[in-house]
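1 is the number of the first residue of the sequence shown in UniProt numbering; add one for each residue after it. From the three backbone atoms N, C-alpha and C, an ideal C-beta is built for every residue, glycine too. I have placed the structure first, in the form of structure tokens, so that the comments after it can refer back to it.
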Amino acid sequence: MASQRELSEFERGMIVGARRMGHSISKVVRSFNIPPSMVSRVYWEYLVEGISTHRGQRSGRPWVLNDCDQQRLATIVRGNSQATLAEITSTFNAGGTRRISSRSVQHSLASMGYGSRRPTRVPLLTPRHRTQRLTWACDVTNWTLEDWQHVAWSDEPRYQLFRADGRVRVWSRPHGPQLSTRYRAG
């Protein structure tokens, strides 16, 4: 079952006020964009218990990060998508008053839809590259085997100066812009 967002005390008061003014449940549902069962439950709690700000017991530990902290965390990840979990955690802890563990960072990133994924390994071609490739392909369509024997095929070596390219990973959403230069390798 999908979890519903928590109604604020103000929203609960507005629901009770709208129902006391004689508005129907369906009209309140359209006004606040919430399920009818939630409107009925809030108004029923008001009628039975006389309060509109009652919040039920919640199981589990509350989240360490609030909405502002999660936005800050998302900004850090968008700024450097190739940062490791430890780097993201240390950057977050350096800038704020709250210190959190890397496990909390990983859990929060997962709840926001971010995951550590392999980058897309494709060369990014510009429109100019595409026209040059098409022109070259049209030029060599009628080449014979003799013509192709005069072509030198070479494998150029690569040199990595700063980072090892063995296991590069990026933080991205599942259906994000994988072909962007930020999320690509190779």
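Whether residue i touches residue j by CB criterion (9 Å)
{"i": "residue 96", "j": "residue 69", "result": "yes"}
{"i": "residue 108", "j": "residue 85", "result": "no"}
{"i": "residue 48", "j": "residue 119", "result": "no"}
{"i": "residue 77", "j": "residue 98", "result": "no"}
{"i": "residue 30", "j": "residue 115", "result": "no"}
{"i": "residue 91", "j": "residue 83", "result": "yes"}
{"i": "residue 125", "j": "residue 117", "result": "no"}
Spatially closest choice to residue i from the options, by CA coordinates
{"i": "residue 43", "options": "9, 60, 72, 74", "result": "9"}
{"i": "residue 171", "options": "94, 150, 110", "result": "110"}
{"i": "residue 89", "options": "81, 80, 100, 82", "result": "100"}
{"i": "residue 45", "options": "80, 79, 145, 13", "result": "13"}
Cβ-based burial, residue i [other Cβ within 10 Å; buried from 16]
{"i": "residue 19", "result": "buried"}
{"i": "residue 16", "result": "buried"}
{"i": "residue 73", "result": "buried"}
{"i": "residue 140", "result": "exposed"}
{"i": "residue 28", "result": "buried"}
{"i": "residue 105", "result": "buried"}
{"i": "residue 1", "result": "For residue 1, the predicted model reports a pLDDT of 40, less than 50, meaning its position is unreliable and no value from the coordinates is stated."}
{"i": "residue 137", "result": "exposed"}
{"i": "residue 127", "result": "exposed"}
Presumed contact (8 Å Cβ cut-off) between residue i and residue j, rounded CB distance
{"i": "residue 32", "j": "residue 11", "result": "7 Å"}
{"i": "residue 51", "j": "residue 39", "result": "About 16 Å separates the two Cβ atoms, so there is no contact after all."}
In DSSP terms, what residue i is bridged to
{"i": "residue 115", "result": "172"}
{"i": "residue 91", "result": "Paired residue(s): none; residue 91 is not in a bridge."}
{"i": "residue 135", "result": "Paired residue(s): none; residue 135 is not in a bridge."}
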